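Counting from 1 along the sequence shown, just add 620 to a position and that's the residue number in this note's numbering.
The block underneath contains the structure these notes are about, expressed in structure tokens.
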Amino acid sequence: MSRSTTTTLSHRLEYCAYRIFEWILKMLSLETVFKLGEFVGRIVYRCSSTRRYQVNRNLRLAFGDEKSTSETSQLTAEVFERTGANFLTSLKIPFLSDDEILARLQFEGLDDFYTTTRKGGIVMVSPHMGNWELLAQAVFLVDGDFRAGTHYRPLNNSLINAVVERRRKRRGLELFAKRSSTHRLSSFVREGGAMGILADQRVGDRGAACLFFGRPTTCSPLPHLIAKRGKGLLTSLSCETVGIAHWKISFRLIPTISAQACADSIEQDWRRSPVDVFWFENRWRLQGNDPLAFLNKYKDDLEIPRPLRAVNLAREEKKLPYPNRLITQEHHEVDFKQSDHALREKLHEISHHGKTPVDVFLAPHSQLGRVKKLSGKTMTLAAEKNYSPEISPNEK
């Protein structure tokens, strides 16, 4: 959703609440803010079944049978606590001096980072994990003579967005809004700048076909395209929590300039500290008019460790026209005359008893909206429709 250009009463009330909350946090120690965030996270975990379901589902999609049900449930609860702590401390960080921030930080891979920046421009590939404000300020807390910029999505509330932008510009950070042209981004890197890009978001069929945690998905092509066009290098930039109100900032050179290399880098970061990852976005959700079209981009000889999972709920058995190495297909006929509560429980049971949750449900056209709603917005396709994949490039 794009930022509104009109300041509404709701925006003004949100802004007032934001500044009052900031003022309260400013009075507290960083340790207190961290623990307060954990407490808030525990409350949200108990009160929000929807978010709890989403986080647990994402963890199962990522780790599959690598983690037991109890381990995934425990990690889900810890994610809520850690996210709360990282979010509230991100609001506190702008009020600390550099020395106060540095006292809370460890750095890893600085020598490689210095070596890389001396060779020219770089694109820093960052995931949504750890303390986001520290990620934005990290390059200013290390010695180095280079320009730093970030590619970001402006906040919907223009008043709060102006505060955030003003603080980051004061640091010397050059801001490139989401709609900035790739030419501007490439030029910045070509001129020796260090550009930070959050690259772990869902991008739909516009993205590059990659394997992420062994699963077919699309990833943002922006980091590697900017690095290529700007004749720069790729590095990872991540943040993980190492203690109460203490973090580690890590830099690592990404050896290959490709979308898959960026996906591999983000996966390494997520695996290193999964509790710090923002698992609340429906990262693997399929979307678009032809949500499976991206499967045509995979070469026939590519090994897929964890294919997608499709389940047909209709009476007649229906097969999607994709090989099992890309998407496994099951048939579970259900009684659509049962109540919404009973159907929801049945859909969750089907999804839960596989190695990974269901990616696609096939249902009768009359039940599409109902299945999508009751399954937690899982992609639902009409079982009656004929799906004909495009000819893949390696078959032409």
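Using N, Cα and C, we set each Cβ at its ideal position, and we do this for glycine too.
Fair warning: this is a prediction, and the values are worked out from it, not measured in the lab.
TODO: Check the C-beta distance from Pro843 over to Leu853 and give it rounded, since I have them as a contact under 8 angstroms.
DONE: With 8 angstroms as the limit, Pro843 and Leu853 do not qualify as a contact, their Cβ atoms being about 11 angstroms apart.
Task: For Leu775, the nearest candidate out of Gly769, Glu785, Phe766 and Arg767 (CA to CA) - done: Glu785
Open item on the list: Taking its Cβ as the centre, do 16 or more other Cβ atoms sit within 10 Å of Glu658, making it buried, or is it exposed?
Closed with: buried
Task: Euclidean distance between Cα positions of Gly661 and Leu730 - done: 32 angstroms
Task: Close-in-space but distant-in-sequence residues of the same chain around Glu753 (CB under 6 angstroms, 5 per side omitted) - done: Ser710 and Ile713
Open item on the list: When you compare the region 908 to 919 with the region 817 to 829, are there three or more beta-carbon pairs, one atom per stretch, that lie closer than 8 angstroms?
Closed with: yes
Task: CA-to-CA distance, Arg639 to Thr838, given in whole angstroms - done: 38 angstroms
Open item on the list: Check whether the region 989 to 1003 and the region 695 to 704 are in contact - that is, three or more C-beta pairs closer than 8 angstroms.
Closed with: no
TODO: Within the same chain, show all residues whose beta-carbon is closer than 8 angstroms to that of Asn1014, passing over the 5 residues directly before and after it, in chain order.
DONE: Confidence at Asn1014 is low in this model, with a pLDDT of 43, below 50, so the placement of that residue is unreliable and no value is reported for it.
Open item on the list: For Leu725, tell me which candidate among Leu845, Ala865, Phe832 and Val664 has the shortest Cα-Cα distance.
Closed with: Ala865
Task: the region 928 to 945 contacting the region 643 to 658, beta-carbon criterion three pairs below 8 angstroms - done: no
TODO: For the alpha helix (DSSP H) containing Asn676, list its first residue and its last residue.
DONE: Ser669 to Phe683
- [ ] With DSSP as the reference, label His973 as helix, strand or coil.
- [x] coil
Task: Every unbroken beta strand (DSSP E) inside the region 932 to 982 [3 residues or more] - done: 947 to 951
Open item on the list: Checking the sheet assignment: what are the DSSP bridge partners for Cys859?
Closed with: Ile869
Task: Residue range of the alpha helix (DSSP H) that includes Pro843 - done: Leu842 to Arg849
Task: Collapsed DSSP secondary structure at Val762 in the structure displayed - done: coil
TODO: Specify the secondary structure class of Phe808 as computed by DSSP and reduced to three states.
DONE: helix
- [ ] Pick helix, strand or coil for Ala723, following the three-state DSSP scheme.
- [x] coil
Open item on the list: Suppose you measure from the CA of Thr1000 to the CA of Met749; what does that come to, to the nearest Å?
Closed with: 30 angstroms
Task: CB contact flag (Gly812, Thr770, <7 angstroms) - done: no
TODO: Would you mind working out which of Lys868, Arg891 and Val809 sits nearest Phe766, comparing C-alpha positions?
DONE: Val809
- [ ] Using a threshold of 7 angstroms, state whether the C-beta atoms of Pro836 and Leu928 are closer than that.
- [x] yes
- [ ] Using the Cα positions of Arg790 and Leu831, report the straight-line distance between them to the nearest angstrom.
- [x] 39 angstroms
Open item on the list: Here's a check: name, in chain order, each residue in its chain whose Cβ is nearer than 6 angstroms to the Cβ of Glu953, leaving out the five neighbours to either side.
Closed with: Arg935
TODO: Decide if Ala768 is buried, meaning its Cβ has at least 16 other Cβ atoms within 10 Å, or exposed.
DONE: buried
Task: Test item: CB-CB of Pro925 and Gly834 under 7 angstroms - done: yes
Task: Cutoff 8 angstroms; reference Leu982; Cβ partners in own chain excluding five residues on either side - done: Ala930, Val931, Asn932, Leu933, Ala934, Lys938, Leu940, Thr1000, Leu1001, Ala1002 and Ala1003
TODO: Could you work out which residue in Asn1006, Lys966, Gly974 and Ile970 is closest to His985 when comparing CA atoms only?
DONE: Asn1006
Open item on the list: Please report the distance separating the alpha-carbon of Trp867 from that of Gly684.
Closed with: 28 angstroms
Task: Span separating the alpha-carbon of Ile1011 from that of Ile846 - done: Summary for Ile1011: the model assigns pLDDT 44, below 50, so the residue's position carries little reliability; its value from the coordinates is reported in the next sentence. About 29 angstroms.
Task: Rounded C-alpha distance that separates Trp890 from Trp904 - done: 15 angstroms
TODO: Determine the direct distance from the alpha carbon of Ser690 to that of Arg799, and round the result to whole angstroms.
DONE: 42 angstroms
Task: Identity of the residues DSSP links to Gly824 by a beta bridge - done: According to DSSP, which records beta bridges pairwise, Gly824 is partnered with nothing at all.
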